[in-house]
Amino acid sequence: MPLDIIRRLLTPILDPVPTSRYPSVAPLLQPATRGLPEVDLTACRQDGACIDVCPTGAIELAADDRAADAHADADADASAGSSRAWSVDAGKCIFCGACAIACPNAAIRMSSRVELAATDRAALVERGGASEPSPDAERLRSGIAGRFGRSLHVRHLDTGSCNGCDWEIAALLNPYHDLQRFGIDFVASPRHADLLLVTGVMTANLAEAARRTYEAMPEPRLVVAVGACAISGGVFAGAPGCANGVAGELPVDVFVPGCPPRPEALIEGMLTAIETRRAGPRAGASTGQDELRGRARTGSVEW
Ligand code: SF4
Ligand code: SF4
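Written as structure tokens, this is what we have:
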């Protein structure tokens, strides 16, 4: 019997508390869990097979001397036509693994990194380096206590999702993830909410509802875009009536990649949002979100 199965059978005896200790400990992931793909530049021949199969256009080969350097070290032949760097956009990637399968040089592997939250949309591109340290529980608790008086109320808003992200959000309330241990809970009305958790592509029919929901929230209010759809439109990008994500309609504080993101990634995203607001308004946001926030507050946004 594989060791993993034995360990799981013994868990109720050795560890009778079923609740996850995340974020104090790393997420407990199944071996088959797929995260963001990573590339070995020394093996990559930049023939673009991965680009051809990627369903969301997440991979790019852009002009960059670093790729040429990597090839020069590894293989003189390969470097001949390789003045382009490989990058992946975590905001578009759905972790399908097609690029790793299609690569004829076995240069791509699917990592298990699922904690990828970022406050800046541009920071989601080419996050192929060392993974960020996991947030610790004490920081999460102190962040909530310092800003929201020991509790954080969340309103979930579906703006046109397949419901995959929404099921992961629902899993936050099960005994394993037990989101309420942090003082975080869901509320039915945006008037009681500190944080808006948005899933889906933002369809044209739901943009007005999203605006009204945001405007009904009291300050300080946070917006977290959940999943590839909410960040970039995901597999639905470019479809009629699809706004390709929520950032064009709402002032997003944090982007949480995944399709769908794991519950741990959602917790990391909420922590990041809380810490962002504690640090004050973001300066020089690349997406113009602070300006959008002000316009929404005064009702001057055209939806
Ligand atoms: S895992 Fe899928 S969506 Fe992500 S870059 Fe590879 S092919 Fe594209
Ligand atoms: S990001 Fe993926 S799981 Fe989430 S709504 Fe879009 S398609 Fe569904």
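Just so we're aligned, residue 50 is where the sequence shown starts under the working numbering, counting upward by one. Glycine included, every Cβ here is placed at the ideal spot set by N, Cα and C.
Residue range of the alpha helix (DSSP H) that includes residue 56: Run containing residue 56: 52-63, per the alpha helix (DSSP H) assignment.
DSSP bridge partner residues for residue 159 (one or two, in chain order): In the DSSP output, where bridge partners are listed per residue, residue 159 has 86.
Every unbroken alpha helix (DSSP H) within the region 244-319, with a cutoff of 4 residues, ordered by chain: Runs found: 256-265 and 276-281.
Proximity test, residue 65 beta-carbon vs ligand 2 heavy atom, cut-off 7 Å: False, no ligand heavy atom lies under 7 Å from that Cβ.
Host alpha helix (DSSP H) of residue 150 (start-end): Counting along the chain, residue 150 sits inside the alpha helix (DSSP H) bounded by residues 147-151.
Touch test, the region 279-288 against the region 259-271, Cβ-Cβ under 8 Å, three pairs minimum: The region 279-288 vs the region 259-271: no contact.
Cβ-Cβ distance between residue 287 and residue 251 below 8 Å: Result no, Cβ atoms of residue 287 and residue 251 do not sit closer than 8 Å.
C-alpha distance - residue 58 paired with residue 51, whole-angstrom precision: The straight-line gap separating the alpha-carbon atoms of residue 58 and residue 51 is approximately 11 Å.
Where residue 233 sits in the DSSP three-state scheme: Residue 233 falls in the strand class under three-state DSSP.
Check: residue 104 C-beta below 7 Å from any heavy atom of ligand 1: Yes, Cβ of residue 104 sits closer than 7 Å to a heavy atom of ligand 1.
Three CB pairs or more closer than 8 Å across the region 64-76 and the region 224-238: Yes, the region 64-76 is in contact with the region 224-238.
For residue 223 and residue 88, the rounded distance between their alpha carbons: Spanning the two alpha carbons is a distance of roughly 35 Å.
For residue 78, three-class secondary structure by DSSP: DSSP places residue 78 in coil when its eight states are reduced to three.
Short CB-CB distance (under 8 Å) between residue 296 and chain D: Absent from the structure is chain D; it holds one protein chain and no more.
8 Å contact criterion, which residue 107 and residue 134 should meet: CB distance rounded: That pair is no contact at about 15 Å.
Integer Cβ distance of residue 302 from residue 273, believed to fall under 8 Å: Yes, they are in contact, since the Cβ atoms of residue 302 and residue 273 sit about 6 Å apart, within 8 Å.
8 Å Cβ cutoff met for residue 147 and residue 80: No.
Residue 108 - DSSP class collapsed to helix/strand/coil: Strand at residue 108.
Distance cut-off 7 Å: residue 142 Cβ against heavy atoms of ligand 2: No, since every heavy atom of ligand 2 falls outside the 7 Å radius drawn around the Cβ of residue 142.
Closest residue to residue 270 among 295, 172 and 239 (Cα-Cα distance): Comparing Cα-Cα distances from residue 270 to each of 295, 172 and 239, the minimum goes to 239.
Top-ranked residue by Cα proximity to residue 172, from 297, 136 and 204: Residue 136 is the option with its Cα nearest to residue 172.
Bridge partners - residue 205, DSSP secondary structure assignment: For residue 205, which the question treats as bridged, DSSP gives the partners 246.
Residue 107 Cβ short of 7 Å to ligand 1 heavy atom set: Within the chosen limit of 7 Å, ligand 1 reaches the beta carbon of residue 107 through at least one heavy atom.
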